[in-house]
Amino acid sequence: MRMDDNRKENSEAQGRKESSEAASDFEFLQEKIKERPINKRKLLKRTLITASMAVLFGLLACLSFLLLEPVLNNWLYPEEEPEVVTFPQEQNEMLPEDMLTEGTTAGETQEEGEGTAAENSSVPSGSGGGQPNAGDSDPAEKESDEKNPNEKNPNEKNPDEKASDETVLNEKDLNETISGEKDLNEKNSAETVSDETVLDEKDLNETISNGADPDGKNPDQDDPEDLAGAGETAPVDMLKSYQTQYEELYQIYRQVESSMVTVTAVRSDVDWFNNTYQSEGTTAGVIIANNNRELLILSRKSSLDGAETIRISFCDGTDAEAVIKQFDQNTDLAVLAADLKYIGGNTLDTVAVATLGSSISSGITGSPIIAVGNLFGYKDAVCYGMVTSKGNVVTMADSEYKLMTTDIYAGSNPSGILVDMRGEVIGVIDNSHNHDDTRNLLAAVGITELKGLISKLSNGERVPYLGIYAQDISAQARAEMGLPQGAYIVDIDMDSPAMRKGIQKGDIVVRVGTQEIKNAADYMNVLRNVQTDGSINIVVQRASVNAYEEMQFVLQPEQQEQS
1 MRMDDNRKEN
11 SEAQGRKESS
21 EAASDFEFLQ
31 EKIKERPINK
41 RKLLKRTLIT
51 ASMAVLFGLL
61 ACLSFLLLEP
71 VLNNWLYPEE
81 EPEVVTFPQE
91 QNEMLPEDML
101 TEGTTAGETQ
111 EEGEGTAAEN
121 SSVPSGSGGG
131 QPNAGDSDPA
141 EKESDEKNPN
151 EKNPNEKNPD
161 EKASDETVLN
171 EKDLNETISG
181 EKDLNEKNSA
191 ETVSDETVLD
201 EKDLNETISN
211 GADPDGKNPD
221 QDDPEDLAGA
231 GETAPVDMLK
241 SYQTQYEELY
251 QIYRQVESSM
261 VTVTAVRSDV
271 DWFNNTYQSE
281 GTTAGVIIAN
291 NNRELLILSR
301 KSSLDGAETI
311 RISFCDGTDA
321 EAVIKQFDQN
331 TDLAVLAADL
341 KYIGGNTLDT
351 VAVATLGSSI
361 SSGITGSPII
371 AVGNLFGYKD
381 AVCYGMVTSK
391 GNVVTMADSE
401 YKLMTTDIYA
411 GSNPSGILVD
421 MRGEVIGVID
431 NSHNHDDTRN
441 LLAAVGITEL
451 KGLISKLSNG
461 ERVPYLGIYA
471 QDISAQARAE
481 MGLPQGAYIV
491 DIDMDSPAMR
501 KGIQKGDIVV
511 RVGTQEIKNA
521 ADYMNVLRNV
531 QTDGSINIVV
541 QRASVNAYEE
551 MQFVLQPEQQ
561 EQS
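So the sequence shown is numbered by the working numbering: it starts at 1 and just counts up by one.
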């Protein structure tokens, strides 16, 4: 066993010896691998390129999402396009005297026709019914006439006698017509009296059968005359009629109430101690349209200046947020839009769109009206009164409106609408044009002149602004002073587009674009249809030494800046 161990040790020693000899033989082939140094500049460059590509990819992804989001949204959740809101312009109403004149003329024409027909049918027959026609005269009479042309025919009448006979005939026909109409009226009156008598007898029988007196009095009730004789005061029928009228007015108000809203402007203010708090200002609004996407509300603009959020309160007590769709600084009117998606179905069933009526009716002065809105600083106020005057012209920049006055007393800064007896809006309350002695009496801008502006605001279109105050030139002034026909410029706003281009006070506008201008209304109607993103050519006549010279200007309409 010891021999085996020695043998094993010898073999291991021999192996180590051989390996050391082999290592010494290949020692020259050994090499040392060194690590490559890091290039920091190149690494930074690659990092920046990678980050830039990531940012660029993110921007492209965002842009693609913004562009495709409406398409995908419409594809997944299709919505109806909003309808274009239009309020048709009115024509001037025919005056009562014109209607009377027209009816009288038509009646006279008809009577003349009937009289002529009666005359034509009566004259040939004669009084006895056997007189021949003038064209069928006897040949012997013709021969005698030829022989004695100067002799008068005893049967022939002179022109005066003919005219007298025709007058008598016409008077006779007229008397027959009048007597016929009189008999017809008496017949109708007799039939009416007969019907009323039968009806009264029937009612009398029913009353008696019900246990009442023939006079329609209940025996269980005291007679007002007996009460008066006993020294008690009897009720007056006029008070009941007066109360009935107010009940009818209140029913009209109940119909309009569903179209009224309260607009609240929420603002953030800072107190003396730098503490932030919210303040609210309210004004009245009226629902004017529903374009299948938004509920459009007409309201005052100045009450909403500086508002962070606008809240609409409906008649059923629910609220919804709204935004200003468009506004007009001249009239201080704004159209608000409340998204239908955020308005409950029950609310949409409860509210109603107001009907815009007419403020140019000839009989509107002196007629009863209802004022609804924020009249005394509190919401949901209502007052009854009448229109005291209409047609008071209020001239503004590039526009002209008619002001109605009433006998309704209100606060210093009221808002709301005027409604007629049909429940239609005839005016938007605006006391800013009142005189000092009538500052607390309600006044309103006529709705007829505002319909075009409201249509433009409801569709989100900007109101063009040039800053020109124009008025008509009378025919007498044109004849005496030799003025051309057009719209006379009485004033221009400072720093307005018209003033910056060189138009002056005293110029006469004769053409806007291709439209000839004959008066101030033509100028305002043309300007109302002008888009603010394009230019407009205005031709004016300017007074020179001996005549008027034509001048042309190219203006860029602007939207009037908010004050």
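Just so it is clear, CB atoms sit at the ideal spot from N, CA and C, and this is done for glycine as well.
Exercise. Select from 378, 347, 357, 371 the residue whose C-alpha is nearest the C-alpha of residue 417.
Key: Position 417 of the sequence shown holds residue 417. Considering only alpha carbons, the answer is 371.
Practice problem: Give the range of the alpha helix (DSSP H) segment to which residue 64 is assigned. | Solution: The residue given as residue 64 occupies position 64 in the sequence shown. Run containing residue 64: 40-76, per the alpha helix (DSSP H) assignment.
Self-check item: CB-CB length for residue 472 against residue 397, believed under 8 Å
Solution: Here residue 472 refers to the residue found at position 472 when the sequence shown is read from its first residue. Here residue 397 refers to the residue found at position 397 when the sequence shown is read from its first residue. So it is not a contact: roughly 17 Å between Cβ atoms.
Exercise. Could I get the ranges of all uninterrupted alpha helix (DSSP H) runs contained in the segment 457-524, with 4 residues as the minimum, in chain order?
Key: 475-481, 497-501
Quiz prompt | Residue environment, residue 363, which counts as buried when at least 16 other CB atoms sit within 10 Å | solution = As a first step, residue 363 must be located in the sequence shown, where it is residue number 363. So residue 363 counts as exposed.
Quiz item: Can you find at least 3 beta carbon pairs, one from the segment 465-483 and one from the segment 422-429, that sit closer than 8 Å?
Solution: no
Quiz item: With contact counted as at least three CB pairs below 8 Å, one residue from each stretch, are the segment 279-299 and the segment 451-460 in contact?
Solution: yes
Exercise. Alpha carbon to alpha carbon, how far is residue 302 from residue 514? Give it in angstroms, no decimals.
Key: If you number the sequence shown from 1, residue 514 lands on position 514. If you number the sequence shown from 1, residue 302 lands on position 302. Cα-Cα distance, rounded: 36 Å.
Quiz item: Exposed or buried, residue 494, counting other C-beta atoms within 10 Å across all chains shown (16 or more means buried)?
Solution: Here residue 494 refers to the residue found at position 494 when the sequence shown is read from its first residue. Residue 494 should be labelled exposed.
Quiz item: Rounded C-beta distance between residue 468 and residue 443? I'm assuming under 8 Å.
Solution: What you label residue 468 is simply residue 468 of the sequence shown in a count that begins at 1. What you label residue 443 is simply residue 443 of the sequence shown in a count that begins at 1. Not quite, the Cβ-Cβ distance comes to about 25 Å (not below 8 Å), so this is no contact.
Quiz item: Under three-state DSSP, which class holds residue 13?
Solution: As a position in the sequence shown, residue 13 is number 13, starting the count at 1. Of the three classes helix, strand and coil, the one that applies to residue 13 here is helix, per DSSP.
Exercise. Check whether the Cβ atoms of residue 360 and residue 448 sit closer than 7 Å, and answer yes or no.
Key: Along the sequence shown, one-based indexing puts residue 360 at 360. Along the sequence shown, one-based indexing puts residue 448 at 448. Closer than 7 Å, so yes.
Exercise. Keeping to the same chain, check which residues put their C-beta closer than 7 Å to that of residue 309; ignore five residues upstream and five downstream.
Key: Counting from one through the sequence shown, the residue named residue 309 turns up at place 309. Cβ neighbours of residue 309 beyond the five flanking positions: 266, 321.
Quiz item: For residue 615, which option in 350, 378, 392, 76 has the closest C-alpha, if you only look at C-alpha atoms?
Solution: It is not possible to answer for residue 615, since the shown part of the chain is limited to 1 through 563.
Practice problem: Determine the direct distance from the alpha carbon of residue 337 to that of residue 50, and round the result to whole angstroms. | Solution: The count along the sequence shown starts at 1 and reaches residue 50 at position 50. The count along the sequence shown starts at 1 and reaches residue 337 at position 337. Cα to Cα, residue 50 sits roughly 47 Å from residue 337.
Quiz item: Any chance the CB of residue 498 is under 6 Å from a heavy atom of the ligand ADP?
Solution: For the structure depicted, the ligand ADP is absent and the ligand set is empty, with no information on it obtainable.
Exercise. Excluding the 5 residues preceding and the 5 following residue 384 in the sequence, name in chain order all residues of the same chain whose CB lies nearer than 8 Å to its CB.
Key: Stepping through the sequence shown from its first residue, residue 384 is reached at position 384. Taken in chain order, the residues that qualify are 246, 249, 368, 369, 370, 371, 408.
Practice problem: Report the option in 287, 242, 262, 533 whose CA atom is closest to the CA atom of residue 351. | Solution: By 1-based counting over the sequence shown, the position of residue 351 is 351. The candidate whose alpha carbon is nearest that of residue 351 is 287.
Self-check item: Stretch-stretch touch, CB-based, cutoff 8 Å, three pairs: the segment 55-71 with the segment 269-282
Solution: no
Quiz item: Considering only C-alpha positions, which residue in the set 554, 525, 506, 257 is nearest to residue 548?
Solution: Taking the sequence shown and counting its residues from 1, one reaches residue 548 at position 548. Of the candidates 554, 525, 506, 257, the one whose C-alpha sits nearest the C-alpha of residue 548 is 506.
Practice problem: Decide if residue 430 is buried, meaning its Cβ has at least 16 other Cβ atoms within 10 Å, or exposed. | Solution: In the sequence shown, residue 430 corresponds to position 430, counting from 1. Buried, because 16 or more other Cβ atoms sit within 10 Å of the Cβ of residue 430.
Quiz prompt | residue 553 versus residue 546 - alpha carbon distance | solution = Counted from its first residue, the sequence shown places residue 553 at position 553. Counted from its first residue, the sequence shown places residue 546 at position 546. So the alpha carbons of these two residues sit roughly 22 Å apart.
Quiz item: Which two residues bound the contiguous beta strand (DSSP E) that contains residue 350?
Solution: Within the sequence shown, the letter at position 350 stands for residue 350. Segment 345-350 is the alpha helix (DSSP H) holding residue 350; no beta strand (DSSP E) there.
Quiz item: Buried or exposed: which applies to residue 273, given that a residue is buried once 16 or more other Cβ atoms fall within 10 Å of its Cβ?
Solution: Taking the sequence shown and counting its residues from 1, one reaches residue 273 at position 273. Label assigned to residue 273: exposed.
Quiz item: Assuming residue 512 contacts residue 526 under a Cβ cut-off of 8 Å, what Cβ separation, rounded to an integer in Å, is found between them?
Solution: Residue numbering aside, residue 512 sits at position 512 when the sequence shown is read from its first letter. Residue numbering aside, residue 526 sits at position 526 when the sequence shown is read from its first letter. Residue 512 to residue 526, Cβ: 5 Å. Contact.
Quiz item: Can you tell which of 340, 415, 244, 313 has its C-alpha closest to the C-alpha of residue 290?
Solution: Reading the sequence shown from its first residue, position 290 is the one you call residue 290. Measuring from the Cα of residue 290, the nearest candidate turns out to be 340.
Quiz prompt | Straight-line gap, residue 544 to residue 528 (C-alpha atoms, nearest Å) | solution = Working through the sequence shown from its first residue, we reach residue 544 at position 544. Working through the sequence shown from its first residue, we reach residue 528 at position 528. Going from the Cα of residue 544 to the Cα of residue 528 covers about 30 Å.
Quiz item: Roughly how many whole angstroms lie between the Cα atoms of residue 355 and residue 317?
Solution: Along the sequence shown, one-based indexing puts residue 355 at 355. Along the sequence shown, one-based indexing puts residue 317 at 317. One C-alpha to the other measures close to 22 Å.
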